[in-house]
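**Student:** One structure coming up, written as structure tokens, with questions to follow.
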Amino acid sequence: MTPSWLAISEHAALLQGLHALVWADGTLDPSERELLGSLVAKLGLEPTHTELDAWLVSSPDLEAVNGINDVFDRQLLLFEAIRLARTDGSFDDSERALIQSWAQNWGFTDDDMASLDAEVLALTLDENDPFA
Numbered sequence: 053m054t055p056s057w058l059a060i061s062e063h064a065a066l067l068q069g070l071h072a073l074v075w076a077d078g079t080l081d082p083s084e085r086e087l088l089g090s091l092v093a094k095l096g097l098e099p100t101h102t103e104l105d106a107w108l109v110s111s112p113d114l115e116a117v118n119g120i121n122d123v124f125d126r127q128l129l130l131f132e133a134i135r136l137a138r139t140d141g142s143f144d145d146s147e148r149a150l151i152q153s154w155a156q157n158w159g160f161t162d163d164d165m166a167s168l169d170a171e172v173l174a175l176t177l178d179e180n181d182p183f184a
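When you line the sequence shown up against this note's numbering, it's residues 53 to 184, in that order.
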């Protein structure tokens with residue numbers, strides 16, 4: 053069940069997809085929890101700490117991404133999913149498979165995905181560069 057604080061958001065499907073991704077490998081890593089919580093806040097949602105934690109440990113809605121019809125929103129989900137998958141230092145095969153299934157269902161090519169991955173890696177390098 054989608055919590056009320058999330059159900060009112062136009063970004064619910066995006067966040068539900070990312071929620072499914074963090075559980076793809078069977079564990080919620082602290083760095084994944086932190087990044088997903090940060091995305092929730094950046095999108096202007098204000099669940100209590102308890103509400104956010106309850107959602108993060110709940111079973112993800114694996115079908116929520118089916119409601120994303122806009123190409124830009126799909127690309128945003130894929131970008132954020134790659135970023136989230138890489139945040140714990142391990143791009144797990146189960147995470148990669150879930151992202152790849154979304155990409156294939158939406159018609160993104162291997163070249164499209166390689167470009168998104170390169171953008172995420174470049175962003176990560178910039179974030180780790182104290183002079184950037």
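Glycine included, each C-beta is placed from N, C-alpha and C at the ideal position.
Can you give the beta carbon distance from Leu66 to Ile120, rounded, assuming they're within the 8 Å contact cut?
**Tutor:** Contact between Leu66 and Ile120 holds, since their C-beta atoms are separated by about 7 Å, short of 8 Å.
**Student:** Please report the Cβ distance between Phe143 and Ala137, rounded to the nearest whole angstrom; I am assuming they are in contact, meaning their Cβ atoms lie under 8 Å.
**Tutor:** 5 Å
**Student:** Evaluate contact between the stretch 101-111 and the stretch 157-177, counting only Cβ atoms and requiring at least three cross-stretch pairs below 8 Å.
**Tutor:** Contact annotation: the stretch 101-111 does not touch the stretch 157-177, with fewer than three C-beta pairs closer than 8 Å.
**Student:** Whole angstroms is fine: what's the gap from Asp81's alpha carbon to Val74's?
**Tutor:** Going by C-alpha positions, Asp81 is about 8 Å away from Val74.
**Student:** Jot down the residue ranges of each uninterrupted beta strand (DSSP E) in the stretch 90-128, minimum 3 residues, whole runs only, in chain order.
**Tutor:** none
**Student:** Quick check on DSSP: helix, strand or coil for Trp57?
**Tutor:** helix
**Student:** Quick one: is Trp75 near chain D, going by C-beta distance under 8 Å?
**Tutor:** Annotation note: the requested chain D is absent from the structure, which comprises a single protein chain.
**Student:** Buried or exposed: Ile134, going by 16 or more other Cβ atoms within 10 Å of its Cβ?
**Tutor:** buried
**Student:** Per DSSP, what kind of secondary structure is His63 in: helix, strand or coil?
**Tutor:** Three-state result, His63: coil.
**Student:** Does the Cβ-Cβ distance between Leu104 and Gly89 come in under 8 Å?
**Tutor:** Leu104 places its beta carbon less than 8 Å from that of Gly89.
**Student:** Would you mind reading off the limits of the alpha helix (DSSP H) that contains Asp145?
**Tutor:** 145-157
**Student:** Is it right to say Asp122 is buried, meaning 16 or more other beta carbons lie within 10 angstroms of its own, or is it exposed?
**Tutor:** Burial check for Asp122: the Cβ neighbour count within 10 Å stays below 16, so the residue is exposed.
**Student:** Could you round the C-beta distance between Leu95 and Ser56 to whole angstroms and report it? I think they count as a contact, below 8 Å.
**Tutor:** That belief does not hold up - the Cβ atoms of Leu95 and Ser56 are roughly 15 Å apart, past 8 Å.
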